[in-house]
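Taking it in order: structure first as structure tokens, then the write-up.
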Amino acid sequence: MDYGHWETEEGIKEDSVGFVYEIRNNLNGRTYIGKKILRFTKRTKPKKGKVRGTVKKVDSDWKEYTGSSKELNDDIQFLGKGHFTFKIIKFCNSKWDLSWSEAERIILKDAIRSEGYYNGGLQLRLGKAAG
């Protein structure tokens, strides 16, 4: 399977919703922790005379994705992708698990307070886990 610029030790499972990742600047060691959804739901408007539109799953831009940090993306553009390692840490099979796993990793690594990380903040909104 084609993973774009991402490295992973495990493959995408059928029920994977997204993944938690780390992007590392190989020149200075700074790292970014984030999450990315693999597919999203796209709804079309109802056709004439119909009540509901169609729903289909569409792949996100995950193969080319380089994180949401402006500072990180500026460095990638300036230095080139070749100086960065894009590593998938964990595939998650629910949005809850995806958000939790990203937040847990950011907190455990103290990424917000550390100069060794590009992460500048953490937004987290969780309900109770299903099941």
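Using the working numbering, the first residue of the sequence shown is number 175, and each one after it goes up by one.
Quick reminder that beta carbons are idealized off the backbone N, C-alpha and C, glycines included.
{"Check": "Extent of the continuous beta strand (DSSP E) run through Arg213", "Outcome": "Arg213 to Arg217"}
{"Check": "Under the three-state DSSP convention, the category Asn199 falls into", "Outcome": "strand"}
{"Check": "Presumed contact (8 angstroms Cβ cut-off) between Phe347 and Phe193, rounded CB distance", "Outcome": "A query on residue 347 cannot be resolved here, the shown segment of the chain reaching from 175 to 305 and no further."}
{"Check": "Anticipated Cβ contact below 8 angstroms, Tyr206 with Ile262, distance rounded", "Outcome": "Contact flag wrong, Cβ pair sits at about 13 angstroms."}
{"Check": "Cβ shell of Arg204 (< 7 angstroms), same chain only, five flanking positions each side left out", "Outcome": "Gly290, Tyr291 and Tyr292"}
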